[in-house]
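A short worksheet on the structure shown next.
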Amino acid sequence: MQNLINNQWRIAARPDGNVKITDFEFHQEQVATLNDGEFLLRTHYLNLAPVMRMYMQGISAAGEKPLSIGDVIHGRGVGQVIDSKHPDYQVGDVVQGQIGWQTYKISKGTKRERFYKMPQRGLSYSLGVSQLGMTGFSAYCGFVKCGFPKAGDTVLVSGAGGGVGSIVTQIAKILGCTVIGIAGGKEKCDFVKSLGADSVIDYKNEDVANRVNELASDGLDIYFDNVGGETLVAALNNLAMNSRIVLCGSISEYMLDEPFGPSNYTNLRSTNSSMNGFFVYNHEADFSEAEEKIAKWIKDGLIKVKEDITIGFENMPYGLQNLYSGKNRGVALCRILDDSELIFD
Ligand SMILES: NC(=O)c1ccc[n+]([C@@H]2O[C@H](COP(=O)([O-])OP(=O)(O)OC[C@H]3O[C@@H](n4cnc5c(N)ncnc54)[C@H](OP(=O)(O)O)[C@@H]3O)[C@@H](O)[C@H]2O)c1
6 MQNLINNQWR IAARPDGNVK ITDFEFHQEQ VATLNDGEFL LRTHYLNLAP VMRMYMQGIS
66 AAGEKPLSIG DVIHGRGVGQ VIDSKHPDYQ VGDVVQGQIG WQTYKISKGT KRERFYKMPQ
126 RGLSYSLGVS QLGMTGFSAY CGFVKCGFPK AGDTVLVSGA GGGVGSIVTQ IAKILGCTVI
186 GIAGGKEKCD FVKSLGADSV IDYKNEDVAN RVNELASDGL DIYFDNVGGE TLVAALNNLA
246 MNSRIVLCGS ISEYMLDEPF GPSNYTNLRS TNSSMNGFFV YNHEADFSEA EEKIAKWIKD
306 GLIKVKEDIT IGFENMPYGL QNLYSGKNRG VALCRILDDS ELIFD
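Here you go:
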């Protein structure tokens, strides 16, 4: 492979508030020649996730070395192997894993990069990065394996119009639960309703504490928490007996200097309830079950595929910005290369 240019987004500055374009440096460099044991990936899709702002701040999400100014930003994506000197990766293989914000990646296929070969070629590769990737796995493993849902449960989902939340909302309906979704703004709430939520709370225009109390008059059996902050306090004030809170994310706190801690956590005690922290990579043993279940639900028309696709690598920073301003509907990702660019045998 000669004269390939790798485009990268690197950290130019630590974000203060939402990310802005000056926090990013666009960098170009020649793709190096492969050594034995390496393969070359060409990026097709990159995931956009709130955690990427944390990476830019030098915070490590899973024990990895924190990023410095000038480093390529972490990010999972889908790419195709276009050259290989690695025995386990052949030209044409489509994989998802830790590619980073770049259009090419030379990899040794290390454990930390967590590359998974995409099982079925017939599927849209964008599905691979979202519903059948970490977003879908987070929704399934977090909700099913940590929330222990059963038919008839009343479930509150925050961030219900985002990637993980939109899938949790749909899985909860499939499993026979009553779902209250929380999202920001009327249009986003309408979107959550269109996913099947029984009722919605517009946290930007309504009093969340009052509305949760009103809508969950018999208490919440499950709260799937994507946002933390005052919404978690409201959920803790409305627990049914033996309820479960799943701590998936706390985006309302990611830009605070000090994390927010709920003072009413003792309500867990009086209701025999539990609050479980959850990190998707600690559930690798459940990924194939998650993939099988979600793929079937999509095939049966029970899960609507909702992707919010930013087009073009150059627009990655704006895609990340949109997550914090709530512009995305469903799973956010960026299409770098069209599927027509895939190499087939
Ligand atoms: N534990 C894990 O392993 C794991 C894995 C994946 C993701 N996560 C976490 O799960 C959450 C969802 O991730 P995602 O990738 O699916 O992102 P996402 O929900 O698609 O995007 C973020 C959404 O958060 C909402 N938001 C932004 N600022 C907010 C604020 N101040 N208060 C309340 N809501 C706010 C916005 O929706 P509105 O328009 O409704 O404001 C936005 O669409 C994040 O907290 C993420 O860090 C955790």
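Start counting the sequence shown at 6; every next residue gets the next number (the working numbering).
Beta carbons: idealized from backbone N, C-alpha and C, even for Gly.
Tell me whether residue i counts as near ligand 1, meaning its Cβ is closer than 7 Å to at least one heavy atom of that ligand.
i      : result
LYS193 : yes
VAL184 : no
CYS253 : yes
PHE284 : yes
ALA295 : no
VAL232 : yes
THR140 : yes
LEU328 : yes
SER199 : no
PRO55  : yes
GLY224 : no
TYR145 : no
ASN281 : no
TYR109 : no
ALA177 : no
GLY164 : yes
GLY82  : no
GLY170 : yes
GLY75  : no
ALA239 : no
ASN333 : yes
TYR60  : no
TYR50  : no
ILE316 : no
ILE256 : yes
Out of curiosity, what's the CA-to-CA distance linking residue i and residue j?
i      : j      : result
VAL162 : GLY141 : 15 Å
VAL36  : ARG58  : 26 Å
ALA67  : GLU289 : 14 Å
VAL173 : ALA144 : 5 Å
ILE111 : ARG117 : 14 Å
ASN243 : ALA300 : 34 Å
ILE250 : SER65  : 24 Å
LEU128 : SER204 : Annotation note: pLDDT 49 at LEU128 (below 50); position unreliable, coordinate value reported separately. Going from the Cα of LEU128 to the Cα of SER204 covers about 32 Å.
GLN107 : ASN8   : 16 Å
MET123 : GLY84  : 10 Å
ASP21  : ASP262 : 10 Å
GLN326 : ASN23  : 6 Å
LYS309 : ILE303 : 7 Å
Count the other CB atoms, across all protein chains shown, that sit within 10 Å of the CB of residue i; report buried if there are 16 or more and exposed otherwise.
i      : result
GLY164 : buried
ASP207 : buried
PRO267 : buried
ASN231 : buried
LEU72  : buried
VAL96  : exposed
LYS311 : buried
ALA337 : buried
GLY335 : buried
LYS193 : buried
ASN333 : buried
PRO264 : exposed
GLN33  : exposed
SER330 : exposed
GLY152 : buried
Per DSSP, what kind of secondary structure is residue i in: helix, strand or coil?
i      : result
THR315 : strand
ALA239 : helix
GLN95  : coil
GLU30  : strand
LEU128 : Any answer about LEU128 is weak, because its pLDDT of 49 lies below 50 and its placement is not dependable; what the coordinates show is given next. Three-state DSSP puts LEU128 in coil, outside helix and strand.
PHE44  : strand
TYR109 : strand
LEU53  : coil
GLN7   : coil
ASP223 : coil
ASP5   : Because the chain here runs from 6 to 350, residue 5 falls outside it and cannot be looked at.
ASP344 : helix
Could you tell me if the beta carbon of residue i falls within a distance shorter than 7 Å of some heavy atom in ligand 3?
i      : result
TYR323 : This structure lacks ligand 3; its bound ligands are ligand 1.
State yes or no: is the beta carbon of residue i nearer than 8 Å to at least one beta carbon in chain D?
i     : result
GLU30 : No chain D appears in this structure, which consists of one protein chain only.
Quick one: any contact between the region 86-97 and the region 283-301, if contact means 3 or more CB pairs under 8 Å? no
Measuring CB atoms only, is the region 32-47 touching the region 271-291, in the sense that at least three cross pairs come out at less than 8 Å? no
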